[in-house]
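Trainee: I'd like to ask some things about the structure below.
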Amino acid sequence: GVDTEAAYPYHGVQGPCVKPPPAVYAAGYADVPAQNLNALAAAVAQQPVSVAVDAGGSGWQLYAGGVMPAMSCGTQLDHGVLAV
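Going by the numbering used here, the sequence shown opens with residue 24, and the numbers climb by one from there.
Written as structure tokens, this is what we have:
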């Protein structure tokens, strides 16, 4: 499930995690075809979409906000992000 920030805020302390019940659950999933921006946009318009990215380049490491330029994308997928 997905937690809200208010219900499960980040606290930088050592200790066990005490998670509240999720705010929402995923009822299912569907694959979005690779390299199909129209299909990705349509999916994101309906719900958040998990996306694999290559976060090894400076584009991700120095990201400060906005739309990620295509030149910052790579092919060594090593992180998951949520597109909303």
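C-beta atoms are modelled at their ideal positions from N, C-alpha and C, and glycine is treated no differently.
Fair warning: this is a prediction, and the values are worked out from it, not measured in the lab.
Considering Leu105, what are the terminal residues of the beta strand (DSSP E) in which it resides?
Mentor: Its beta strand (DSSP E) spans residues His102 to Ala106.
Trainee: Which partner residues of Val76 appear in the DSSP bridge assignment?
Mentor: Answer is His102, bridged to Val76.
Trainee: Would DSSP call Val25 helix, strand or coil?
Mentor: Strand.
Trainee: Per DSSP, what kind of secondary structure is Val47 in: helix, strand or coil?
Mentor: Val47: strand per DSSP, three-state reduction.
Trainee: Which residue marks the beginning of the alpha helix (DSSP H) containing Gln69, and which one marks its end?
Mentor: Note, Gln69: alpha helix (DSSP H), Leu60 to Gln69.
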